[in-house]
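Enquirer: Heads up: the sequence shown runs through residues 132 to 415, numbered per the numbering used here.
From the three backbone atoms N, C-alpha and C, an ideal C-beta is built for every residue, glycine too.
Just so it is clear, the structure is predicted and the values come from calculations on it, not from any experiment.
Structure below; questions to follow.
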Amino acid sequence: MFHTMKMHWTTKTVFLVLFICSVDGINAAPSSSCSDIRVVDLSHVHGPKPLTAPFFPPYSFEIVNRSISEALGGNWFETNYIRTSEHSGTHVDAPSHFYRNKKRMHEIPLDKLYGPGVIIDIRRQVSGNVNYRVKVSDIKRWEATHGRIPKGAVVLFNSGWSSRYPDPFKVFNTQNTSDVSSYEFPSYEFKAITFLAKFRSVNIVGSDTPSIGDSPPGKVDLSNFTFLFQRNIPVVLNVANLDRLPLSGSTIFVPAINIYDGSGAPARIFATVPASKMIKKYYG
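Structural data, given as structure tokens:
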């Protein structure tokens with residue numbers, strides 16, 4: 132009970148802080164009482180062509196009304212209609228996506244959709260091998276510097292892949308996006324996934340790539356997903372701006388649309404970071 136109460140207090144406090152600070156982009160107002168907090172958007176814009184697998188229905192955006200409405204007192208009135216795949220753009224995969232009878236979006240507890248940020252930087256390795264897989268040794272190297280991965284962490288790798296977004300040929304790294312077995316991009320070794328799920332009690336695993344599957348060229352291997360989903364651990368994909376976060380010290384929030392019976396959902400993922408830990412390249 133204490134843990135649950137603490138989670139509710141923390142979540143509500145963060146959103147209250149964001150409201151008071153009148154955050155503009157990623158910079159808190161200098162005159163605010165919370166100017167020691169920075170907010171980093173970790174999401175790609177959802178549209179006009181959010182990236183999704185070719186076998187999902189395409190995104191569509193329809194303007195329903197943009198005009199003065201006499202029925203609404205002569206006020207300007209805008210409303211639109213959108214149609215989108217659950218698994219497009221920056222999004223969450225619920226455990227039911229690849230595992231029968233596991234949690235769907237509306238069943239994932241809110242306290243499982245945030246946690247301490249753990250950023251594993253593999254950009255150097257990927258520069259020499261686009262099929263690089265995060266290894267247990269990469270995780271332990273992170274821990275040697277930053278300490279044991281905290282319980283409830285959100286573990287993401289930064290491969291630099293988000294710079295390819297939203298070009299599907301660059302993101303999926305193929306000239307034939309209809310052939311799933313031709314996709315090539317960084318991911319996790321299965322041993323790394325099992326280590327995180329069994330020995331580190333993480334809340335979420337994810338990446339800046341469109342999948343965390345450990346598929347060799349010419350095959351499709353979803354065992355990374357199924358191992359996590361069997362344990363009701365969600366996955367987040369196509370995360371943006373990870374180079375703007377410190378490797379440790381952030382708190383990452385995954386406010387996904389609470390879709391009833393959803394197998395996933397688009398998300399406006401963001402992180403809060405103490406100003407003292409911000410990357411000077413961006414916020415010197």
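#1: Using DSSP with H/G/I as helix, E/B as strand and the rest coil, what is Ala406?
#2: Suppose you measure from the CA of Met409 to the CA of Leu203; what does that come to, to the nearest Å?
#3: Near Ser394, what residues of its chain come up, given a Cβ to Cβ distance below 7 Å and the 5 sequence neighbours on each side ignored?
#4: So that I know if they touch, is there some Cβ in chain B lying closer than 8 Å to that of Asn232?
#5: Give the secondary structure of Ser309 by DSSP, where H, G and I count as helix, E and B as strand, and everything else as coil.
#6: Looking only at DSSP bridge pairs, what is Tyr245 linked to?
#7: Given this structure, state the Cα-to-Cα distance separating Phe300 from Ser342, to the nearest angstrom.
#8: Use the C-beta contact count for Tyr314: other C-beta atoms within 10 angstroms, 16 or more gives buried, fewer gives exposed.
#9: Among the residues of its own chain, which have a CB less than 7 Å from the CB of Asn304, if the five just before and after it don't count?
#10: If the criterion is Cβ atoms closer than 8 Å, does the pair Ala328 and Val265 meet it?
#11: At the level of alpha carbons, what is the spacing between Lys271 and Phe208?
#12: Taking only the alpha-carbon atoms, compute the straight-line gap between Ser346 and Leu353 and give it to the nearest angstrom.
#13: Could you pull out every unbroken beta strand (DSSP E) segment of at least 3 residues lying fully inside the segment 208–258, listed in chain order?
#14: Identify whether Leu173 lies in helix, strand or coil by the three-state DSSP scheme.
#15: With a 10 Å radius around its C-beta and 16 neighbouring C-beta atoms as the bar for buried, classify Lys350 as buried or exposed.
#16: How should Gly205 be labelled, buried or exposed, when 16 other C-beta atoms within 10 angstroms of its C-beta is the threshold for buried?
#17: Report the three-state DSSP secondary structure of Thr340 (helix, strand or coil).
Expert: Well, looking at it:
#1: As a first step, residue 406 must be located in the sequence shown, where it is residue number 275. Helix at Ala406.
#2: Position 278 of the sequence shown, counted from the start, is the residue given in the question as residue 409. Position 72 of the sequence shown, counted from the start, is the residue given in the question as residue 203. Computed Cα separation, rounded: 45 Å.
#3: As a first step, residue 394 must be located in the sequence shown, where it is residue number 263. The answer, listed in chain order, is Glu217, Ala225, Ser227, His228, Arg235.
#4: Absence of chain B from the displayed structure is noted, only one protein chain being present.
#5: Translated into the one-based positions of the sequence shown, residue 309 becomes position 178. The answer is coil: DSSP assigns Ser309 none of H, G, I, E or B.
#6: Working through the sequence shown from its first residue, we reach residue 245 at position 114. DSSP lists Phe384 as partners of Tyr245.
#7: As a first step, residue 300 is located in the sequence shown; it is residue number 169 there, counting from the start. As a first step, residue 342 is located in the sequence shown; it is residue number 211 there, counting from the start. CA-to-CA, the gap between Phe300 and Ser342 works out to about 15 Å.
#8: As a position in the sequence shown, residue 314 is number 183, starting the count at 1. Within 10 angstroms of the beta-carbon of Tyr314 lie 16 or more other beta-carbons, which makes it buried.
#9: Along the sequence shown, read from residue 1 onward, the residue named residue 304 stands at position 173. Excluding the 5 residues flanking it on each side, Asn304 has same chain C-beta neighbours closer than 7 Å at Val261, Tyr314, Glu315, Phe316, in chain order.
#10: Mapped onto the sequence shown, residue 328 falls at position 197. Mapped onto the sequence shown, residue 265 falls at position 134. In this structure, Ala328 keeps its C-beta atom at 8 Å or more from the C-beta atom of Val265.
#11: Numbered from its first residue, the sequence shown carries residue 271 at position 140. Numbered from its first residue, the sequence shown carries residue 208 at position 77. One C-alpha to the other measures close to 54 Å.
#12: To locate residue 346, count along the sequence shown from 1; it is residue 215. To locate residue 353, count along the sequence shown from 1; it is residue 222. The straight-line gap from Cα to Cα measures roughly 7 Å.
#13: Listed in chain order, they are 222–224, 245–252.
#14: Here residue 173 corresponds to residue number 42 of the sequence shown, with the count starting at 1. In the structure shown, Leu173 sits in coil (DSSP, three-state: anything other than H, G, I, E or B).
#15: The residue given as residue 350 occupies position 219 in the sequence shown. Around the beta carbon of Lys350, fewer than 16 other beta carbons lie within 10 angstroms, which makes this residue exposed.
#16: Taking the sequence shown and counting its residues from 1, the one referred to as residue 205 is at position 74. Gly205 is classed as exposed because its beta carbon has fewer than 16 other beta carbons within 10 Å across all chains shown.
#17: For the purposes of this step, residue 340 is taken as the residue at position 209 of the sequence shown. Thr340: coil per DSSP, three-state reduction.
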